[in-house]
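Undergrad: My questions all concern the structure below.
Numbering (our numbering), first residue to last: 18 to 651.
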């Protein structure tokens, strides 16, 4: 029987031809896409390493890695690290990245952090993973019962991590710090967690200190402690392997560890999933509603099968409250499929929890494509949960960008499997995240209204829109960084910036920053656009970044944003705006953005196009009220 976490059992099993497929990458013209498909299977450490080496070989030979995104990861710690690099490369391909790993020598974390010309800092990685386990903590032996000494150990350990973070951040890297998995050996039994100075007590406090730093945006937290406890500390820590090879955990744990690293980086780059599409019969309840009726389906407390499906609903509801969009795709008669949500008293989910409800006799691939279009979300944002293996296979084949977890035979494990897959990983949290699901539901209602209105001007006026402009600030910084790193389609340059870089730009007088919010008659859309302009010193602002949420397209928002940029440019003595369009794999929709706003072409180079526009040229404003928070009157 597969181990859910260690074997990554939510991924489909590898085919018998997997080795041949890996070998074929050497001559495959579309090798990167093929590599990602191979990595999408549940692979053991040895196969994962073989795939990682094949990917690394193609990258070293200069092969084009599109559609994988390049990413450079520094790796430092106190254990043997070289063995982790190939599995990481393969796992990152699963999550859409072409990874290069720069691993430090054994136990060289601090020397690397303090040396600007060292191997890690000189490589200018996008992120550095600090993977230190309890053996590498600079805290000395346990001091049970000595509270003052324990305080000193905690302070010393956190100061150590702070020095590492400062050193690597100075080179422009995002710093990821792994929490510490406590050792199995106990000094005081159940009192270990309470008694000051025991290993468990000190490590708990160190982990809480790291969590505080992650909450403040100083670092990203890789919760290895939680992963190890989920699997079992006695399985995670192997004293023999540590003594012989200085391995922090057994090799069979490498795939799940690597997946946790990759999913965290993916989340930090805005690539976690945002929508969950649910089947109904035998997925959200036991039985077939069309045959069994509302009274005959299994859902609710007091029945083992009903409780299993209730856990799936509770998990989905929790995800929705956290901002994940829910939708239904069911082969069913619409009116029949809705009855459990309105008539069954034990349902945790109700119709209002779904942004879209597709119950018909079309295939699931067609329905999911329709849902994606109506929500203005790319297919790579979706997870599809269905108990039927034939439906899962169909969606995987027709919509390879959609994540489709394998489900076990026992519905009691459905919720755990979906949670274990980590599709909805978060690297940071903003209050706006909790409202995102409702925002997309409102967007679907707006789309429905638009189909009923033939006069576009009347439709826009009926929305009663109010747009608000403000500079970057501390409150909005997490959401700003999130938008910068996840927006792909409406993004003119696709430049990515860390939270620290966002803060630096907000404090730079030579940089104009603007966050944009929009409300309408349906509700609050939240932050929908981010603008960064740089003063070139010759009465010109260059638009470094202009990105916008696709859910507000077609409402003239871009004209209002341009008017706001021109308003501030004129106040700063600027006479001209310069815009740059840098094509990417996903931003073709904005290729004509600047031309449509009256910018004139000003040259092109290596596929990039340059555009210019006078700040005094007229702009047709859409029907919306404007408010500003720039320390000036509206």
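C-beta atoms are modelled at their ideal positions from N, C-alpha and C, and glycine is treated no differently. Small disclaimer: the values here were computed from a predicted structure and weren't measured.
Which residue comes first and which comes last in the beta strand (DSSP E) that contains residue 505?
TA: Here residue 505 belongs to no beta strand (DSSP E), and DSSP marks it neither H nor E.
Undergrad: Helix or strand or just coil, what does DSSP make of residue 230?
TA: helix
Undergrad: Taking 6 Å as the cut-off, is the C-beta of residue 60 nearer than that to any heavy atom in the ligand MG?
TA: This structure does not include the ligand MG; it has no bound ligands of any sort.
Undergrad: Can you tell me where the beta strand (DSSP E) holding residue 409 begins and where it ends?
TA: It is not in any beta strand (DSSP E) - residue 409 instead sits in the alpha helix (DSSP H) that spans 406-415.
Undergrad: Do you know offhand how far residue 365's Cα is from residue 314's?
TA: Rounded to whole angstroms, residue 365 to residue 314 spans 14 Å at the Cα level.
Undergrad: Under three-state DSSP, which class holds residue 95?
TA: coil
Undergrad: Just to confirm, is the Cβ distance from residue 627 to residue 617 under 7 Å?
TA: no
Undergrad: Going by DSSP, what residue range makes up the beta strand (DSSP E) through residue 550?
TA: Where residue 550 is concerned, the enclosing beta strand (DSSP E) starts and stops at 540-552.
Undergrad: Might you give, ordered along the chain, the residues of its own chain that have their beta carbon closer than 7 Å to the beta carbon of residue 67, omitting 5 neighbours on each side?
TA: 39
Undergrad: For residue 371, which option in 359, 30, 396 and 379 has the closest C-alpha, if you only look at C-alpha atoms?
TA: Among 359, 30, 396 and 379, the Cα nearest to that of residue 371 belongs to 359.
Undergrad: Among the residues of its own chain, which have a CB less than 7 Å from the CB of residue 22, if the five just before and after it don't count?
TA: Hits under 7 Å: 247, 248, 273 and 437.
Undergrad: Suppose the cutoff is 6 Å on Cβ atoms and the five residues either side in sequence are ignored; what does the same chain contact list for residue 266 look like?
TA: 253
Undergrad: Evaluate residue 261 with the Cβ neighbour count: other Cβ atoms within 10 Å of its Cβ, from every protein chain shown; 16 or more gives buried, anything less gives exposed.
TA: exposed
Undergrad: Applying the 10 Å Cβ sphere with the 16-neighbour rule, what's the burial state of residue 316?
TA: buried
Undergrad: Using the C-alpha atoms, what's the distance from residue 442 back to residue 129?
TA: 29 Å
Undergrad: Are the segment 537-546 and the segment 600-617 in contact at 8 Å, needing three or more beta carbon pairs?
TA: no
Undergrad: Which of the three DSSP states, helix, strand or coil, is assigned to residue 562?
TA: strand
Undergrad: Can you tell me whether residue 440 is buried or exposed, with buried defined as 16 or more other CB within 10 angstroms of its CB?
TA: buried
Undergrad: Look at residue 283 and residue 104 and say whether their C-beta atoms are less than 7 Å apart.
TA: no
Undergrad: Looking at the structure shown, is residue 618 part of a helix, part of a strand, or coil, going by DSSP?
TA: strand
Undergrad: If we ignore side chains and look at the alpha-carbon of each, how far apart do residue 345 and residue 376 end up?
TA: 7 Å
Undergrad: How far does the alpha helix (DSSP H) with residue 646 in it extend, from its first residue to its last?
TA: Unbroken run through residue 646: none, as it is neither H nor E.
Undergrad: How many angstroms separate the CA atom of residue 383 from the CA atom of residue 299?
TA: If you take the alpha carbons of residue 383 and residue 299, they lie about 21 Å apart.
Undergrad: Just to confirm the assignment, what range does the beta strand (DSSP E) spanning residue 567 have?
TA: Looking at the DSSP string, residue 567 is not in any beta strand (DSSP E), and its letter there is neither H nor E.
Undergrad: Can you list, in chain order, the residues of its chain with a C-beta nearer than 7 Å to that of residue 212? Leave out the 5 residues immediately preceding and following it.
TA: Cβ neighbours of residue 212 beyond the five flanking positions: 161, 162, 205 and 218.
Undergrad: Report all residues from its chain with a CB closer than 6 Å to the CB of residue 325; omit the five preceding and five following residues, and keep chain order.
TA: So the list reads 428 and 429, once near-sequence residues are dropped.
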